[in-house]
Amino acid sequence: MDTFLLALDFIGTFAFAISGATIGVRHRLDLFGVLVLAFATATFGGILRDLLIGAVPPAALTTWTYLALACVAGLATFYRHALVERLRNPVQLFDAAGLALFAVSGASKALAFGLSPFAAVLLGMLSGIGGGIARDILVARTPVVLQADLYAVAALAAAAVVVAGHQWGVPEPWSLVTGAGLCFGLRYMAIRHGWRLPVARPHDAP
Amino acid sequence: MDTFLLALDFIGTFAFAISGATIGVRHRLDLFGVLVLAFATATFGGILRDLLIGAVPPAALTTWTYLALACVAGLATFYRHALVERLRNPVQLFDAAGLALFAVSGASKALAFGLSPFAAVLLGMLSGIGGGIARDILVARTPVVLQADLYAVAALAAAAVVVAGHQWGVPEPWSLVTGAGLCFGLRYMAIRHGWRLPVARPHDAP
Amino acid sequence: MDTFLLALDFIGTFAFAISGATIGVRHRLDLFGVLVLAFATATFGGILRDLLIGAVPPAALTTWTYLALACVAGLATFYRHALVERLRNPVQLFDAAGLALFAVSGASKALAFGLSPFAAVLLGMLSGIGGGIARDILVARTPVVLQADLYAVAALAAAAVVVAGHQWGVPEPWSLVTGAGLCFGLRYMAIRHGWRLPVARPHDAP
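Protein chains in written order, with the working numbering: chain A, 1 to 206; chain B, 1001 to 1206; chain C, 2001 to 2206.
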């Protein structure tokens, strides 16, 4: 993986780790519980992707950088929680950044492993949404991916941009930045302006 | 995988996708959330099986048919929910069909990958129960496999029939149909007539 | 894997299976649900480890001993629940034993597969905490690893002792027993005397 992609992966790790640690602090976990939640949120999407493409052992477990980033983010959130919360909706914003960066880096890694464009789009989406799903299941709440406005759609769009760029020969940094920007923008507008898809109106269930 | 087995896999995918989408509509998810839940329910059992036998990337992520089936089932359930609910207990019935079809196709695929009869029975059961577990965990309720009458037992029986048929040289379509019929029948009788195993009577816990 | 390590693995399987079955009985599951929960608790950590190091199909699915141990533990707990509960805090004690034994055997297996010391410590911790996470998610409660005092820390310490012993050439049985004893001791003191890490004090969240 080249340096630019690795940088995106590290920033995504840090962003998801902060979102996980913030949820942990709000649930009054102890210090190590906060670190575990930060690490799980930050790495689950990438571990899932690596398992699914057969890249074992996953990078998140063999490279110490991921754990170090998650610990720094977790410690900062634990001891400077007021500062993190002063940002408006920190969980949602850092989560959106992690989602965007993992969706593009996941799609790119899947292409590098020779997967088809179709599979690369799906794997990019899964890499993006995996971390948030793990975080929410661990604190026993329904994952944000099923509730939030334009969540999986945004990850799908980011992965599709990267795969389309690859097909059309666009230089990779361009499509990575465009895809991540599109995903973050969609999530930001959805959070800020309540953009959303039609919601199910259940018929009277038995 | 031969055509007959593939057909069973596709029907199971469609059945599980409807059961997942119905749960999604009842929980008032948005359109994409319903599709995500339909896809997760429909493919998790197969993805789990493929991970466990080392068949990566899993078929559900490389073949577009699975996603297409899940989307058709999800859209139909989203826009025609009244129709789906008019069937009696649609979640349970479609879930029973998915359970039966995945248990037999899972056991058969495990045998084709050279696993032992013992492992093939276990993997068939896991393929069957995986989708329902993913669906229920995603909406934060206790998985039906732990509560419902004769649920894992039925999947185990279906997988055992397939493996026994393989050992005794019975033509595969016969044992696949017999196993799936047995599993669906057991679940149907359990739902209809309340067949069940003894329930734990906890001693007064501290 | 040599005999001593295998014995530790079997004892850990049995201990985790009893902790899972006890939770199942308390939640009034039926007989098969209790067995499923016992098997999932007993094997999920090891299956996770084997998936992550690429040792597929996982030993827990190809060797009948794991299933047999889980079934014996599950049946004993189901039909002799009063006896199990008479032990003080049986879930916590058997869980601590399983945690200790899986953390050391997981770290040792990761080293045997040629992973780096860093990855082996992480994988040992994951093998230890995986079973309890699966058990708690299946009954829809927040995993004990995020709440309990010194839980993941204890697993981490055990795995670190094994890896350090391997680096320094200590005979393996010694480091396995020391690591497991340290982990069990830490958990016991934490349960008995309320040893714990600092707890997050969330700033007023929006």
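Glycine included, each C-beta is placed from N, C-alpha and C at the ideal position.
query	result
Simplified DSSP assignment, three categories, for A:Asp149	coil
Segment contact, 8 Å Cβ cut-off, at least three pairs: the stretch 2044 to 2058 of chain C with the stretch 1165 to 1174 of chain B	no
Inter-residue Cα distance where the pair is C:Pro2198 and B:Ser1019	44 Å
Start and end residues, alpha helix (DSSP H) containing A:His27	Per DSSP, A:His27 belongs to no alpha helix (DSSP H) and is neither H nor E.
Cβ pair A:Asp95, C:Arg2196 closer than 7 Å	no
Helix, strand or coil at B:Val1139 [DSSP, three-state]	coil
heavy atom of the ligand NAP below 6 Å from B:Pro1117 C-beta	Questions concerning the ligand NAP fall outside what the structure shown contains, since it holds no ligand whatsoever.
B:Ala1119, buried or exposed, once every other Cβ within 10 Å from all chains shown has been counted against 16	buried
Minimum C-alpha distance to B:Ala1076 - residue among B:Thr1041, B:Leu1123, B:Leu1093 and B:Ala1021	B:Ala1021
The stretch 1006 to 1020 of chain B: positions lying closer than 7 Å to chain A by Cβ	none
Exposure label - C:Ala2082; buried when at least 16 CB within 10 Å	exposed
B:Leu1087, buried or exposed, once every other Cβ within 10 Å from all chains shown has been counted against 16	exposed
Local Cβ density within 10 Å of C:Thr2041, reported as buried at 16 or more and exposed below that	buried
Beta carbon proximity, C:Val2139 to chain B, threshold 7 Å	yes
Segment limits, alpha helix (DSSP H) that includes A:Thr77	Trp64 to Tyr79
A:Leu5 to A:Leu115 span [Cα, whole Å]	18 Å
A:Gly131 at chain C interface by Cβ criterion, 7 Å	no
C:Asp2050: first and last residue of the uninterrupted alpha helix (DSSP H) it sits in	Leu2031 to Ile2053
Close-in-space but distant-in-sequence residues of the same chain around B:Leu1037 (CB under 7 Å, 5 per side omitted)	Gly1020, Ala1021, Ile1023, Gly1024, Leu1029, Arg1135 and Leu1138
Under 7 Å between C-beta atoms of A:Leu8 and A:Leu101	yes
Beta-carbon neighbours of C:Asp2095, restricted to chain A and to distances below 8 Å	The contacting residues do not exist; C:Asp2095 stays about 16 Å from chain A at best.
Nearest-angstrom beta carbon gap, C:Tyr2066 and C:Thr2013 [assumed within contact, 8 Å]	6 Å
Burial state of B:Gln1167 (16 or more Cβ within 10 Å)	exposed
Identity of the residues DSSP links to A:Val199 by a beta bridge	B:Asp1030
Chain A contact residues for C:Ile2053, given Cβ-Cβ distances below 7 Å	Val56 and Pro57
Best match in A:Asp50, A:Leu35 and A:Gly106 for proximity to A:Phe78 [C-alpha to C-alpha]	A:Leu35
A:Ala180, buried or exposed, once every other Cβ within 10 Å from all chains shown has been counted against 16	buried
Inter-residue Cα distance where the pair is A:Arg187 and B:Gly1185	46 Å
Range of the contiguous alpha helix (DSSP H) that encloses C:Gly2194	It is not in any alpha helix (DSSP H) - C:Gly2194 carries neither H nor E in the DSSP assignment.
Below-7 Å beta-carbon distance, B:Arg1026 vs any chain C residue	no
7 Å Cβ cutoff met for B:Phe1044 and B:Gly1131	yes
Contact list for B:Leu1036 against chain A, beta-carbon separation under 7 Å	With the sequence shown as reference, residue 1036 of chain B is identified as Val, and Leu is not the correct amino acid for it. The contacting residues are Val145, Leu146 and Ala152.
DSSP three-state assignment for C:Val2056, whether helix, strand or coil	coil
Proximal chain A residues relative to C:Ser2116, where beta-carbon distance stays under 7 Å	Thr62
Residues from the stretch 172 to 201 of chain A in contact with chain E, defined by Cβ distance under 8 Å	Reference to chain E is not applicable here, since the protein chains of this structure are A, B and C.
C-beta neighbour in chain B for A:Ala103, strict 7 Å	no
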